[in-house]
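Chains P and X supply the protein sequences, listed in that same order. When the letters of the first sequence are read in order and numbered with our numbering, they come out as residues 1 to 305. When the letters of the second sequence are read in order and numbered with our numbering, they come out as residues 306 to 589. Each residue gets a CB set at the ideal place from its N, CA and C atoms; glycine is no exception. Below: one structure, written as structure tokens.
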Amino acid sequence: MAVEARKIETPTPVPVVPGRPRSGLVTTALLAPPLLWLGVFFLVPVVLIFLYSVNVFSFFPGEQAFTLDAWKNFLDGSPFLDLFWKSIRMSLIVSVVAVVAAYPIAYYIALVASKRKYVLLLLILAPFLVSYFLRILAWKVILGDQGVINSFLFWTGLRDEGDPVSWLLYSQFAVILTLIYVYVPFVALPIFASLESLDRRLLEAASDLGASRWQAFRKVTLPLSMPGVIAGFIFVFIPTIGEYFTPLLVGGVDGTMFGIAIADQFGQSLNWLNGSVLSFFLLVVVAVLMSIFARFLTVRRVATD
Amino acid sequence: MATPAMDIAVSRNGKRVLNVWFGILLVFLYTPLGLLLLFSFNDNNLPVFPLRGFTTQAYQDFAANPELRASVVTSAKIAAVASLVAVVLGVLASIVLVRRRVVGKGAASALLLSPLVVPYIALAIGLLVFFNEVSLPLGFPTLVMGHVVLAIPYTILILVPRLERLDVRLEEAARDLGAGALQTFRLITFPLLLPALVSAYIVAFVLSFDEIVVASFVNGDTTTFPLYLFSQLRFPTLLPQVIAVACVVMALSVLLLIGAEIGRRVVERRLGADLAAPPAGGEA
Chain P
1 MAVEARKIET
11 PTPVPVVPGR
21 PRSGLVTTAL
31 LAPPLLWLGV
41 FFLVPVVLIF
51 LYSVNVFSFF
61 PGEQAFTLDA
71 WKNFLDGSPF
81 LDLFWKSIRM
91 SLIVSVVAVV
101 AAYPIAYYIA
111 LVASKRKYVL
121 LLLILAPFLV
131 SYFLRILAWK
141 VILGDQGVIN
151 SFLFWTGLRD
161 EGDPVSWLLY
171 SQFAVILTLI
181 YVYVPFVALP
191 IFASLESLDR
201 RLLEAASDLG
211 ASRWQAFRKV
221 TLPLSMPGVI
231 AGFIFVFIPT
241 IGEYFTPLLV
251 GGVDGTMFGI
261 AIADQFGQSL
271 NWLNGSVLSF
281 FLLVVVAVLM
291 SIFARFLTVR
301 RVATD
Chain X
306 MATPAMDIAV
316 SRNGKRVLNV
326 WFGILLVFLY
336 TPLGLLLLFS
346 FNDNNLPVFP
356 LRGFTTQAYQ
366 DFAANPELRA
376 SVVTSAKIAA
386 VASLVAVVLG
396 VLASIVLVRR
406 RVVGKGAASA
416 LLLSPLVVPY
426 IALAIGLLVF
436 FNEVSLPLGF
446 PTLVMGHVVL
456 AIPYTILILV
466 PRLERLDVRL
476 EEAARDLGAG
486 ALQTFRLITF
496 PLLLPALVSA
506 YIVAFVLSFD
516 EIVVASFVNG
526 DTTTFPLYLF
536 SQLRFPTLLP
546 QVIAVACVVM
556 ALSVLLLIGA
566 EIGRRVVERR
576 LGADLAAPPA
586 GGEA
């Protein structure tokens, strides 16, 4: 699905064609529809969420009155805040493991495999073409008490029939494993792109000046591939903080995450006030993280097409 | 001492280690999918070992399931409309981002690309609240509106690099020869951009067809394909059917994307390297 996607774009100069006279109006006309679409269906909803979170808007008519109570409750050591930190912890594990697992792969494809480079890259990226839902479902089928692993253990007699390895599914482990599975190819792509654009003559120069392979890697390759590493990291870390379907399918109680809590507030609990606080908090966290990381993304685009 | 560049990147042993790691990762990536495929042909209502025998029952069952077929059609319609809108909006935005000087370009592109990183749950909740506030009934139109938001950044990421590679002098030549802006777009830019437009359309289509988080909040009574699959998970005996459908969709989307990629390359080659400006980045 996203073979060509998730490249990083930071607002640095793009080659600009000298503007023609009267082009201001045309530019506005061109840019207005896409900006309007995102304004109406993304920015306005974000503002609405904020207004709901301070009770200026309310799901039940007649209850509107500005108050910060929901925010105070949330920030004052509520279980939701604990759940948020748990989600951050899980996302951190996922993104760090994904980066560490993907880096050698990207390195191998970009710098070692010479001719079959793009075939190997395609092999790593191909699982992307498989439905997200299906990839999660696969792990549910594999990890369950009656799942592939346990039934295999029963069958081979390694484990008694009534005594499955039950921490495999509906646990933090299951969520973390599944998320790593989903995101590893994603991380490999930007790292590959940054290694691919590395000037090999720098490595030769390092070698000529007496650097060992390890020194060359540590002083030249690794620093130059950092934009790719950071891009890969944030493109896993940020979306997974609010992960919803993976914990829903394989998380159970132990593996539940912040995104599930948000959905619950708008679904079963019908507490839009509280749910809006959680949602807006998540949006603020995302915005802060993006602004922190954006300055590290010095490359204009980590693209491979 | 032979091939010095190779030597610096990796030692003989290092290469071995990397080879093994690459193999392990491939096993990790493909085993779950292979197992799903295996169990979709297993003669058992539950995906468990030992395997009992080969059957295509699950495939026949889903082919005869009207609800499931209806959900596929619904998703295809939503994806068809949403990706068309997303590509049109994506082209407009990309042209401005690449070809025009405009104040606040950074902010504009940040906004246009932000759905890439914002967790889908937050987008979904925002849309739910918004549609509720404007009293828009949830259903087909709201699903399209949401999916367009998600797809726009992907279309831009595909179109911008292509536009950058198109030689701007071709457009200028057309203008100098008296073509209007629209005429230039229709006769020069559009045909040259067509392969990328097709790529963008397909990626947006697959994204929408596959999308489940936003869909589960703004669907109303409409059942999309992923939502149907999800609802069937409550009945464990239907699992083989769900797996079978998923396998078929997997195969189709792989074929579609590979076909599109081949098509794109053929067309681009035919358009000729001499027409395009030198590639800006590495050629995939």
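- Cα atoms of X/Lys382 and X/Val572: separation of roughly 27 Å, rounded to the nearest angstrom.
- Between P/Leu120 and P/Ala113, the CB-CB gap stays under 7 Å.
- Look at P/Trp214: its C-beta is not under 7 Å from any C-beta on chain X.
- X/Phe359 carries a strand assignment under DSSP once its states are collapsed to helix, strand and coil.
- In the DSSP assignment, P/Trp139 falls within the alpha helix (DSSP H) that extends over 132-143.
- Beta bridge pairing from DSSP links X/Asn347 with X/Phe359.
- Taking CB atoms only, P/Tyr103 has no neighbour in chain X less than 7 Å away.
- With a cutoff of 7 Å on beta-carbon distance, X/Ile517 and P/Phe245 are scored as near each other.
- The beta carbon of P/Phe173 sits closer than 7 Å to those of Trp167, all from its chain and outside the five residues before and after it, given in chain order.
- The C-beta separation of P/Phe192 from P/Ala110 comes to about 5 Å, placing the pair in contact by the 8 Å criterion.
- Fewer than three pairs of CB atoms, one per stretch, sit closer than 8 Å, so the stretch 493-504 of chain X makes no contact with the stretch 347-354 of chain X.
- Here P/Val286 is near P/Ile238, since their CB atoms are less than 7 Å apart.
- At a cut-off of 7 Å between C-beta atoms, X/Phe327 counts as an interface residue with respect to chain P.
- Taken in chain order, the complete beta strand (DSSP E) segments of 3 or more residues contained in the stretch 157-206 of chain P number zero; there are none.
- The C-beta of P/Gln64 comes no closer than 7 Å to any C-beta of chain X.
- Proximity of X/Lys320 to chain P, defined by a Cβ-Cβ separation below 7 Å, is satisfied.
- From the beta-carbon of P/Ala138, the residues of chain X found nearer than 8 Å are Pro337, Leu338, Leu340, Leu341.
- For X/Glu372, none of the residues of chain P pass the 9 Å Cβ criterion, the least Cβ distance being about 17 Å.
- Around the Cβ of X/Tyr506, a 10 Å sphere holds 16 or more other Cβ atoms; the residue is buried.
- Under the Cβ distance rule, P/Ser279 counts among the residues neighbouring chain X, one pair being separated by less than 7 Å.
- Among the residues of chain X, those whose CB is under 7 Å from the CB of P/Thr27 are Val401, Arg405, Val407, following chain order.
- Sorting P/Pro190, P/Trp37, P/Ser276, P/Trp139 by C-alpha distance to the C-alpha of P/Ala70 places P/Ser276 at the top.
- Per DSSP, the unbroken alpha helix (DSSP H) holding P/Ser279 starts and ends at 272-294.
- Taken in chain order, the complete beta strand (DSSP E) segments of 3 or more residues contained in the stretch 366-435 of chain X number zero; there are none.
- Contact of X/Gly444 with chain P by beta-carbon distance below 7 Å is absent, the smallest such distance being about 15 Å.
- Below 8 Å, too few C-beta pairs join the stretch 383-399 of chain X and the stretch 549-569 of chain X to call them touching: fewer than three.
- Our two residues, X/Glu476 and X/Gly483, have alpha carbons roughly 11 Å apart in a direct line.
- Using a Cβ-Cβ cut-off of 7 Å, P/Val148 counts as an interface residue toward chain X, since at least one Cβ of chain X sits closer than that to its own.
- In the structure shown, the three-state DSSP call for P/Arg116 is coil.
- P/Gln146: not part of any alpha helix (DSSP H); DSSP gives it neither H nor E.
- Nearest C-alpha to P/Ser91 among P/Met226, P/Tyr181, P/Pro227: P/Tyr181.
- Straight-line spacing of the CA atoms in X/Arg474 and X/Gln488 works out to 15 Å.
- Note on geometry: alpha-carbon atoms of X/Thr336 and P/Pro127 lie some 11 Å from one another.
- Within the same chain, Ser95, Val99 come within 7 Å of P/Phe233 by CB-CB distance, once the 5 residues on both sides are set aside.
- The alpha-carbon separation between P/Arg201 and P/Tyr103 amounts to approximately 21 Å.
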